[in-house]
Amino acid sequence: MNQPSATFDERYRVGRKLVDELGPEGNTQPSTFELLGLEWDVVPGCYAPHPGTGTEYYTTAIPYPLGGSFLEIGCGAGVTAVWAALHGCAHVTATDITDTAVASAALNVERHGIADRAHVRKSDVFADLDPDAKYDTVFWNCSVFEAPRDFEFTQDFEWAIFDPGYAALGRYLAEVPDRLLPGGRALVTFNTLGDFSRVAGLAEDKGVALSLLDSSSRVLAGEQVTYKVFEIVRR
């Protein structure tokens, strides 16, 4: 790692704390949660966003392409993707790398009656999507904790927290400009629990810049957090 070990270790410790405090409780049957005034399904093992977490804020803060197409990377239980379809997007694609998230998001597409304009599929960032598919808006509420590069995921929930070496985020920053229709927008989130200096450097290496669109401060698991939404633009 290039970053100071004490800073990296402290951030990693907070990430492990969030896994312990916000992670699944070992339930064996699908359950539900409430967020943004709606009820949602979640398959055990998938991250269920709590009030005060980034999902609650980002879902109502990001600009949606009304009448256009919206792609969400790392959709989790599908809250933001479903919200997009309920609030004016004509075509929504929700993707995630984990089976439990894909199953949860599919349940919520059905629950909220948007199967005519939203679909869910498994993908590692853009790797498993049609290589020619382009969208009006692409969005990722990314994993902000940089785990060691040799980190091994032992439960699906950890994908919502950790990104070893920020490798997945690096691929997103490099590839997302080519996934946009003319006039399209690429969005990504980050928060003050992660290492933004590393991410800014990564963006520069990929030939893009991060332009702040909005931010909000909340308390998450006892930690003061500022959530931020950025637009990704070519340099």
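In the UniProt record's numbering, the protein residues as written are 1 to 235.
Backbone N, C-alpha and C fix where the C-beta goes; we use that ideal spot for every residue, glycine too.
Just so we're clear, the structure is a prediction, and the values are computed from it rather than from any experiment.
Can you tell which of the options has its C-alpha closest to the C-alpha of residue i?
| i | options | result |
| --- | --- | --- |
| residue 139 | 229, 23, 37 | 229 |
| residue 21 | 232, 222, 235 | 222 |
| residue 152 | 18, 164, 47 | 164 |
| residue 219 | 145, 111, 201, 53 | 53 |
| residue 75 | 48, 88, 87 | 48 |
| residue 192 | 227, 35, 77 | 227 |
| residue 85 | 18, 176, 137 | 137 |
| residue 242 | 57, 234, 44 | Outside the displayed span of the chain (1 to 235) sits residue 242, for which this structure offers no information. |
| residue 90 | 108, 135, 104, 14 | 135 |
| residue 187 | 198, 195, 201, 208 | 208 |
| residue 14 | 147, 119, 199, 71 | 147 |
| residue 203 | 185, 231, 160 | 231 |
| residue 77 | 233, 200, 131, 44 | 44 |
| residue 158 | 10, 18, 11, 7 | 18 |
| residue 234 | 213, 178, 94 | 178 |
Is DSSP giving residue i helix, strand or coil here?
| i | result |
| --- | --- |
| residue 94 | strand |
| residue 231 | strand |
| residue 28 | Here the model assigns residue 28 a pLDDT of 49, short of 50, so the residue's position is not dependable, and the following value carries that caveat. Three-state result, residue 28: coil. |
| residue 165 | helix |
| residue 185 | strand |
| residue 102 | helix |
| residue 223 | strand |
| residue 125 | coil |
| residue 180 | strand |
| residue 48 | coil |
| residue 157 | helix |
| residue 144 | coil |
| residue 115 | coil |
| residue 152 | coil |
| residue 172 | helix |
Need the endpoints of the alpha helix (DSSP H) that residue i sits in, please.
| i | result |
| --- | --- |
| residue 40 | Note, residue 40: premise wrong, no alpha helix (DSSP H); beta strand (DSSP E) at 38-42. |
| residue 196 | 196-205 |
| residue 56 | 54-61 |
| residue 83 | 79-86 |
Taking the beta strand (DSSP E) that residue i belongs to, which residues open and close that run?
| i | result |
| --- | --- |
| residue 34 | 31-35 |
| residue 220 | 208-220 |
| residue 135 | 135-140 |
Just list the residues that DSSP pairs residue i with in beta bridges.
| i | result |
| --- | --- |
| residue 16 | DSSP lists no partner for residue 16. |
| residue 69 | 91 |
| residue 190 | 228 |
| residue 120 | 94 |
Notebook entry, point to check: Using 8 Å as the threshold, is the stretch 168-183 in touch with the stretch 124-135, meaning 3 or more CB pairs across them?
Noted result: yes
Check: So, do the stretch 56-66 and the stretch 100-111 have three or more beta carbon pairs nearer to each other than 8 Å?
Finding: no
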